[in-house]
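If you want the working numbering, it's the position in the sequence shown, counting the first as 1, plus 515.
Note that CB positions come from ideal geometry on N, CA and C, so glycine has one too.
Quantities reported herein were computed from a predicted structural model and do not represent experimental measurements.
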Amino acid sequence: MDVDVIVIGSGQAGVPLAARLAGAGKRVILAERGAPGGTCINTGCTPTKTMIASARAAHVARNGRRLGVTAGKVQVDLAAIVERKNSIVAGWREAVMNRLKAGGERLTFIHGHARFTGDRRVEVNGEAHRAETVIVNVGARPIVPPIHGLDSIEWLDNHRLMDIRETPNHLLILGGGYVGCEFGQMFRRFGSEVTIVDAADHLMSREDPDISAQIEAVFEKEGIRLCLPTTAAAVSKSGNEVLVHPARGDQIRGSHLLVATGRRPNTDELGCEAAGIELDKHGFIVIDDQYRTSASGVYAVGDVTGEPQFTHVAWDDHRILFDLLLGRSKRGRSGRAYPYTAFTDPQLAGVGLTEREAKKQQISYEVTTLPYGSIARAIEVDETAGILKVLLDPKTEKVLGAAIVGAEAGELIHVFVALIQAGASARAIVDAQFVHPTFAEGVQSVVLNFARYAL
Ligand SMILES: Cc1cc2nc3c(=O)[nH]c(=O)nc-3n(C[C@H](O)[C@H](O)[C@H](O)COP(=O)(O)OP(=O)(O)OC[C@H]3O[C@@H](n4cnc5c(N)ncnc54)[C@H](O)[C@@H]3O)c2cc1C
Numbered sequence: 516m517d518v519d520v521i522v523i524g525s526g527q528a529g530v531p532l533a534a535r536l537a538g539a540g541k542r543v544i545l546a547e548r549g550a551p552g553g554t555c556i557n558t559g560c561t562p563t564k565t566m567i568a569s570a571r572a573a574h575v576a577r578n579g580r581r582l583g584v585t586a587g588k589v590q591v592d593l594a595a596i597v598e599r600k601n602s603i604v605a606g607w608r609e610a611v612m613n614r615l616k617a618g619g620e621r622l623t624f625i626h627g628h629a630r631f632t633g634d635r636r637v638e639v640n641g642e643a644h645r646a647e648t649v650i651v652n653v654g655a656r657p658i659v660p661p662i663h664g665l666d667s668i669e670w671l672d673n674h675r676l677m678d679i680r681e682t683p684n685h686l687l688i689l690g691g692g693y694v695g696c697e698f699g700q701m702f703r704r705f706g707s708e709v710t711i712v713d714a715a716d717h718l719m720s721r722e723d724p725d726i727s728a729q730i731e732a733v734f735e736k737e738g739i740r741l742c743l744p745t746t747a748a749a750v751s752k753s754g755n756e757v758l759v760h761p762a763r764g765d766q767i768r769g770s771h772l773l774v775a776t777g778r779r780p781n782t783d784e785l786g787c788e789a790a791g792i793e794l795d796k797h798g799f800i801v802i803d804d805q806y807r808t809s810a811s812g813v814y815a816v817g818d819v820t821g822e823p824q825f826t827h828v829a830w831d832d833h834r835i836l837f838d839l840l841l842g843r844s845k846r847g848r849s850g851r852a853y854p855y856t857a858f859t860d861p862q863l864a865g866v867g868l869t870e871r872e873a874k875k876q877q878i879s880y881e882v883t884t885l886p887y888g889s890i891a892r893a894i895e896v897d898e899t900a901g902i903l904k905v906l907l908d909p910k911t912e913k914v915l916g917a918a919i920v921g922a923e924a925g926e927l928i929h930v931f932v933a934l935i936q937a938g939a940s941a942r943a944i945v946d947a948q949f950v951h952p953t954f955a956e957g958v959q960s961v962v963l964n965f966a967r968y969a970l
């Protein structure tokens, strides 16, 4: 079938692009080989955060004593938690399908694996299609690391782990990034023993060590064992146990193994070579500032481009590309701030440069920190774990970067996101009034810690 646009993948950019382009009068095909809605809805953000809510409820119930409240024995029903998660995921999937149906006859949804066969030619389920414009939103999937023995044992990825109905006795996790950390704390709070193994010195090792250390302290207090830095050389099975064999040191034993060592792009079975789409050495699609690939008329958005792998990035890609395709704007993807949040408890959020990156790039900066324990709100609600850290450009007073570990960090970081995006001076925070008593007062207090703003 000949159409105006073919979208491959119904991720966080593909669905709104297909729906809005159809709404703008284009004839669109959207091809999806898996469940509609992509990673975020089905196996990423939505299910994890839904289950993390249950884990937090268990934690709060167990620890009410510190606030003078004692409840009965806390019981975790993982099957019920998984059912709740499934029903929320199903609701979002339905919402995606309804959005696509609203595209009417102009939008055709095809369930099947899509593959390029030539210049803007795509085959799905044996049928050939051609379009003026093709948008690739095929996302990424978990990396299978080259660890000896991994192919001979049963292991879990994020998808499979969220469908087990009985709490593991001892969950071993390879990978201390945000996925490993979120699952580690979740299952610890569900009642599992948890051990996290990572080759880096720290959890979430892109962060500055003082930021990671805050999460590590909380995890250790909750009884999560951290094996850092530990390189897993091999894995094996012994009876009902899974064994991780480090390059150095003793075997680590558990009942289940989660592998969360990163994600790779879904470009290996896409036929990129037939269409002349250039990939980088990791398989990500190379794009320019306006999402153009090396193949004329072919664009790529979301995780497959090698940009930071977050839903809000893919969604922002859709907004920018939509405007470009309709000639409504010439704005490209450069100049964006990329915030992120790990939904551990406390959360870890960041935007802009870390101190390590500023040093490496030889960018001059001033830095200051503030412990959460000095925020009135944090003391009142007994959520004192954490720290705020801000880097400032000494000349312009613009915020270069911010990192927050603490309660509601994922909300607070947006103060810095807006400031960075606007290119505004941190003085705006100094001059503003912040409501008392809120966690946001900590945002003002950390900035007031810079000598230039001292009271
Ligand atoms: C456990 C976990 C937790 C996460 N939590 C968060 C979070 O809290 N916040 C956040 O911002 N991000 C989170 N993410 C990341 C987020 O899910 C992704 O960045 C987001 O989904 C954007 O992906 P995308 O739109 O690029 O592609 P995806 O959502 O991955 O969609 C790509 C789609 O393309 C389909 N596809 C692939 N190849 C083909 C083909 N050849 N033919 C047809 N269809 C194809 C796939 O089936 C898939 O449905 C999380 C990820 C994981 C794994």
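- Exclusion of the five residues before and after ALA629 leaves ILE523, ALA546, VAL637, VAL639 as the residues of its chain whose Cβ lies within less than 6 angstroms of its Cβ.
- Excluding residues up to 5 positions away in sequence, ALA546, ARG548, VAL639, ASN640 lie with their Cβ nearer than 7 angstroms to the Cβ of GLY627 in the same chain.
- No Cβ-Cβ contact shorter than 8 angstroms links LYS564 with PHE837.
- The residue from ASN673, LEU772, MET701, GLU881 with its alpha-carbon nearest to that of VAL712 is LEU772.
- By the Cβ-count criterion, LYS875 is exposed, with fewer than 16 other Cβ atoms from all chains shown falling within 10 Å of its own Cβ.
- GLY938 is the residue among GLY938, LEU671, VAL896 whose C-alpha sits nearest the C-alpha of GLY850.
- Taking non-hydrogen atoms of ligand 1 into account, the C-beta of HIS628 is found less than 7 angstroms away from one of them.
- For GLU681, there is no enclosing beta strand (DSSP E), since its DSSP letter is neither H nor E.
- For GLY916, the number of other beta carbons within 10 angstroms of its own is at least 16, and it is reported as buried.
- When C-alpha distances from VAL945 are compared across PHE965, ALA864, VAL813, the shortest belongs to PHE965.
- Under DSSP, LEU906 shares a beta bridge with VAL882, GLY916.
- In terms of Cα proximity to SER569, the closest of PHE825, GLU722, VAL589, LEU907 is VAL589.
- Three or more Cβ pairs closer than 8 angstroms define a contact, and the stretch 860-873 meets that threshold against the stretch 715-724.
- GLU926 has its alpha-carbon roughly 29 angstroms from the corresponding atom of ALA815.
- Proximity to MET566 across GLN700, PRO780, CYS742, ILE625 peaks at GLN700, based on C-alpha coordinates.
- Set against 7 angstroms, the gap from the CB of ARG548 to the closest heavy atom of ligand 1 is smaller.
- Nearest C-alpha to ALA933 among ARG834, THR911, ALA852, ARG542: ALA852.
- With a beta-carbon spacing of about 19 angstroms, ALA573 and ARG740 fall beyond the 8 angstroms limit used to define contacts.
- The residue among ASN652, ALA610, GLY540, GLU669 with its C-alpha nearest the C-alpha of GLU620 is GLY540.
- From the listed residues LEU885, ALA732, ASP803, the smallest Cα separation to VAL905 is found for LEU885.
- For the pair VAL819 and ALA595, the CB atoms are not nearer than the 8 angstroms cut-off.
- A contact between stretches requires three or more CB pairs, one per stretch, nearer than 8 angstroms, and the stretch 655-674 meets this requirement with the stretch 770-788.
- VAL611 places its beta carbon 8 angstroms or farther from that of MET677.
- The C-alpha of ASP804 is placed about 11 angstroms away from the C-alpha of LEU839.
- VAL649 is positioned such that its CB atom lies no closer than 8 angstroms to that of ILE767.
- If you look at ASP517, you'll find it in the beta strand (DSSP E) that goes 517-523.
- ALA728 and VAL604 have their C-alpha atoms some 33 angstroms from each other.
- In the DSSP assignment, the residues bridged to GLN862 are GLY921.
- Annotation: LEU785 to PHE631 spans about 6 angstroms, alpha carbon to alpha carbon.
- When the five nearest sequence neighbours on each side are left out, the beta carbons in the same chain lying within less than 8 angstroms of the beta carbon of ALA941 are those of VAL905, LEU907, GLU912, LYS913, VAL914, LEU934, VAL962, PHE965, TYR968, in order along the chain.
- Contact between LEU536 and VAL530 does not hold, since the beta-carbon distance rounds to 11 angstroms and is not under 8 angstroms.
- At least one heavy atom of ligand 1 sits closer than 7 angstroms to the Cβ of HIS827.
- Unbroken beta strand (DSSP E) stretches of 3 residues or longer found wholly inside the stretch 664-722: 685-689, 708-712, given in chain order.
- Under DSSP, LEU622 shares a beta bridge with VAL543.
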